[in-house]
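In UniProt numbering, the protein residues as written are 1 to 114.
What follows is the structure, given as structure tokens:
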């Protein structure tokens with residue numbers, strides 16, 4: 001079973017990529033996804049294949065760069081964590097603000113030469 005969240009993301013991503021490709025065959029899509037997006041990597045890959053099958057994007061590879069949560073506390077310390085709910089600075093114990101980890105952006109699209 002495919003999670004609805006990942007299918008919705010893959011569907012919107014496919015629309016954006018198809019528009020940007022402007023009729024050209026897409027080979028690779030590179031994407032950044034932050035930990036706060038709560039995306040399951042394997043499920044997103046499956047959803048991508050599912051929504052692009054039998055379309056102009058069929059066979060396009062989805063490469064995902066997973067971004068851990070990075071916070072900065074009021075004292076200026078930065079800390080990275082794989083746990084998207086860990087906002088406590090390990091140095092001083094203060095609650096930090098998110099500076100990385102909420103990304104969901106297309107970085108690059110490789111298309112076939114005309």
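Just so you know, even glycine gets a beta-carbon here, dropped at the ideal spot from N, CA and C.
Contact between the region 76 to 84 and the region 24 to 31 is absent, with fewer than three C-beta pairs closer than 8 Å. Here DSSP, grouped into helix, strand and coil, assigns residue 69 to strand.
Residues 79 of the same chain have their beta carbon placed closer than 7 Å to that of residue 90, with the five preceding and five following residues left out of the count. In the structure shown, residue 57 adopts coil according to DSSP, grouped into three states.
Counted as a single uninterrupted DSSP element, the alpha helix (DSSP H) harbouring residue 4 occupies residues 4 to 21.
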